[in-house]
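These protein sequence lines are chains B and Z, in that order. According to our numbering, the first sequence is numbered sequentially starting from 1. According to our numbering, the second sequence is numbered sequentially starting from 1001.
Protein chains: 2
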Amino acid sequence: MDDQAIPLDAETKAVEMPEDHREELRLWLRLLTCTTLIEGDVRRRLRERFDVTLPRFDLMAQLDKVPDGMTLSDLSKRMMVSNGNLTGLVDRLVASGHVVRTVSPTDRRATVISLTDSGRAEFRTMAAEHEFWIADLFGDLTARDRGDLMRLLGKTKLSARRAIKGEAQ
Amino acid sequence: MDDQAIPLDAETKAVEMPEDHREELRLWLRLLTCTTLIEGDVRRRLRERFDVTLPRFDLMAQLDKVPDGMTLSDLSKRMMVSNGNLTGLVDRLVASGHVVRTVSPTDRRATVISLTDSGRAEFRTMAAEHEFWIADLFGDLTARDRGDLMRLLGKTKLSARRAIKGEAQ
DNA sequence: GGTAATTGTTTTAAGCTTAAAATAAATTCG
DNA sequence: CGAATTTATTTTAAGCTTAAAACAATTACC
């Protein structure tokens, strides 16, 4: 009778203390706070210093990685934003002379977006300064902190991707 | 002559390898990726499951923490968004019956925003499920990972705040 | 070769977001 | 007390963002 106390307790615990996930919630909120803080600062500096928005900077950053542009769909995947969103963003960057649209020679549906020479030059000027802002924002972390954080965020990224894929409805 | 090799090398290194901050940049991009992934998933689930947007959920989350509502300015500070943004957000939540506006009894400029009873009940239903989504998204991290990440993000938050304050123009 | 399904992009409608200007009430301080 | 400043909110104009629908070109495959 009483020797069943242990398994019963374990059972009771499982029922009365179904795991609570407040810790994960706090972790998520802190992650979001860090991103919001840094992003807000970068956004403000880009505007004040170069009169450019963060989405435009991000788009140019993707294009600067490749020599000859990429399609809207590629941009969309890499930037993790919708296609429709990019249409307008590219419109504005074409209007300001930073990028150009070219019909893909191999697929007449597809548009290749590329930086103009001046667009690339302007981006690189901004990017060089941007790098210092980021270095300053993370400036109080040691090299070890940065390594650890990088690794843990890598693990978080994989975990999130796994969870998202798993939802297949 | 040759015994000056060491200081000269150190000097040379400092000149030819002015610190590059690509590591911090990668760290920032990874942080942003994690946030974007998780936020996108939460946004989609809130819409599909409860037909609510993330900003509305966030606003209600702030209000649920207090018994009697808070002013628009308080909400603005806590949510790290502009006042003007909240005006419209509150308008829509008033229209849907989730919150109410009351003129502050002590300051006729200020509006106190509070959850209605049904708004609070509805929020708590959503929040309970939301907690599981977050737990799942972070599910592959060990308790130790979560603790480490929490600490490192805490340090990051302080570092960013220090950098932002320091910019006082 | 011709329909069907897929892929690439744009459009649409709605909502979110910001900075800056405007409005209005409270506070400061001469 | 009363003008000047500060604080709380709203309005405005512009841009960002998404999901869903529409459109157009390509690919699959019978």
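Glycine residues also receive a C-beta, built at the ideal position from the N, C-alpha and C atoms. Note that the structure is a prediction, hence the values are computed from the model and not measured.
Contact with chain Z by residue i, beta-carbon distance below 9 Å
i: Glu24/B; result: yes
i: Arg162/B; result: yes
i: Gly166/B; result: yes
i: Leu141/B; result: yes
i: Asp91/B; result: no
i: Asp145/B; result: yes
i: Arg124/B; result: no
Anticipated Cβ contact below 8 Å, residue i with residue j, distance rounded
i: Leu27/B; j: Arg1146/Z; result: 6 Å
i: Leu153/B; j: Cys1034/Z; result: 5 Å
i: Leu1063/Z; j: Ser1114/Z; result: 6 Å
i: Thr1156/Z; j: Leu86/B; result: So it is not a contact: roughly 30 Å between Cβ atoms.
i: Phe138/B; j: Ser1159/Z; result: 6 Å
Partner residues on chain Z for residue i, Cβ-Cβ distance less than 7 Å
i: Ala135/B; result: His1021 and Glu1024
i: Ile38/B; result: Trp1028 and Ala1160
First through last residue of the alpha helix (DSSP H) which encompasses residue i
i: Arg1108/Z; result: First-last for Arg1108/Z: undefined, no H or E at that position.
i: Thr1087/Z; result: Asn1083 to Ala1095
i: Leu137/B; result: Asp117 to Leu137
i: Gly1069/Z; result: No alpha helix (DSSP H) holds Gly1069/Z; DSSP gives it neither H nor E.
i: Val1042/Z; result: Arg1022 to Phe1050
i: Asp145/B; result: Ala143 to Gly166
i: Asp58/B; result: Leu54 to Asp64
Within-9 Å CB hit, residue i to chain B
i: Thr1033/Z; result: yes
i: Phe1050/Z; result: no
i: Thr1156/Z; result: yes
i: Gly1088/Z; result: no
i: Glu1131/Z; result: yes
i: Phe1057/Z; result: no
Proximal residues of chain Z, C-beta to C-beta of residue i below 8 Å
i: Glu148/B; result: In the sequence as displayed, the identity of residue 148/B is Asp instead of Glu. By Cβ distance, chain Z contributes Asp1148 and Leu1152.
i: Met80/B; result: Thr1033, Thr1036, Leu1037 and Gly1040
Cross-chain neighbours of residue i in chain B, by beta carbon under 9 Å
i: Asp1041/Z; result: Ala160, Ala163, Ile164 and Glu167
Residue span of the beta strand (DSSP E) that contains residue i, given as start and end
i: Val1099/Z; result: Val1099 to Val1103
Query raised in the report: Would you say the region 93-100 of chain B touches the region 111-122 of chain B, given that touching needs at least three Cβ pairs under 8 Å?
Result: yes
Query raised in the report: Pairing CB atoms from the region 1048-1063 of chain Z with CB atoms from the region 50-61 of chain B, are three or more of them under 8 Å?
Result: no
Report task. Mind the definition here: the region 1025-1040 of chain Z touches the region 1075-1083 of chain Z only if three or more C-beta pairs lie below 8 Å; say whether that holds. Result -> At 8 Å Cβ cutoff, the stretches do not touch.
Query raised in the report: So, do the region 1066-1080 of chain Z and the region 1128-1140 of chain Z have three or more beta carbon pairs nearer to each other than 8 Å?
Result: Segments in contact, no.
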